[in-house]
Amino acid sequence: MSGERGARRAGAPRPVQLAAPAQPRRRRGVPAELLSHGQQRQLEIAVALGGRPRLLLLDEPSSGMSAHERAGLGELLKRVVNTATVVMAEHDVHVVRSVASRVTAFAEGKKIAEGSADEVFESGDVKRVFLRGRRDA
0 MSGERGARRA GAPRPVQLAA PAQPRRRRGV PAELLSHGQQ RQLEIAVALG GRPRLLLLDE
60 PSSGMSAHER AGLGELLKRV VNTATVVMAE HDVHVVRSVA SRVTAFAEGK KIAEGSADEV
120 FESGDVKRVF LRGRRDA
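Mapping of the sequence shown onto numbering that gives the first Met the number 0: position 123 corresponds to residue 122, and the numbering continues sequentially without gaps.
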């Protein structure tokens with residue numbers, strides 16, 4: 000590799016290193032179909048990272064995961080953002096807050112807010128759209 004891309008990625012951790020903390024040692028060697036849903040999603044991301052992509056597109060990566068699995072996913076994605084651009088559609092505010100440096104919120108196909116996670120989640124438009132109908136809002 001040469002140029003900026005090669006320099007940026009030359010020291011990047013191997014995908015196995017990225018996935019290892021999220022996958023306890025006792026799970027290594029276990030067939031994928033025997034892993035939990037969350038562990039399978041983490042494995043899918045690790046496999047995608049095998050090609051050392053510069054861009055990783057994720058659609059609802061935490062969907063169907065337990066709180067523990069979502070935390071592991073967040074830790075994995077925190078390491079990934081150092082080596083690749085991650086674009087994800089995600090409804091779990093905690094996952095978004097733990098990973099994203101920039102957030103864009105959409106409602107009915109239209110952008111309603113963009114900025115840091117704090118800026119977006121404090122936006123009046125975001126609160127109106129996503130909290131409407133909740134009695135505690």
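Where is the CB? At the ideal position from N, CA and C, for every residue including glycine.
Remember, predicted model here, so these are calculated numbers, not experimental data.
Identity of the residues DSSP links to F120 by a beta bridge: Beta-bridge pairing links F120 to no other residue.
Since S149 contacts E89 with CB under 8 Å, what's their CB separation in whole angstroms? Nothing can be reported for residue 149, as the shown portion of the chain is limited to 0 through 136.
Give me the DSSP bridge partner(s) of G37. Partner(s): none; G37 has no beta bridge.
For G114, which of helix, strand or coil comes out of DSSP? strand
Count the C-beta pairs between the region 110-120 and the region 64-82 that are closer than 8 Å, then say yes if the count reaches three, no if not. no
For V85 versus L57, is the C-beta distance shorter than 8 Å? yes
Distance, V102 Cα to R96 Cα: 9 Å
Whole-number beta carbon distance between A104 and V119, since they are thought to touch under 8 Å: 5 Å
Cβ neighbours of A70 in the same chain (closer than 7 Å, five flanking residues each side left out): none
Reducing DSSP to helix, strand and coil, say where V102 ends up. strand
Identity of the residues DSSP links to K109 by a beta bridge: A106
DSSP-derived helix/strand/coil call for A83: coil
Would you mind sorting R40 into buried or exposed? The rule is 16 or more other CB atoms within 10 Å of its CB. buried
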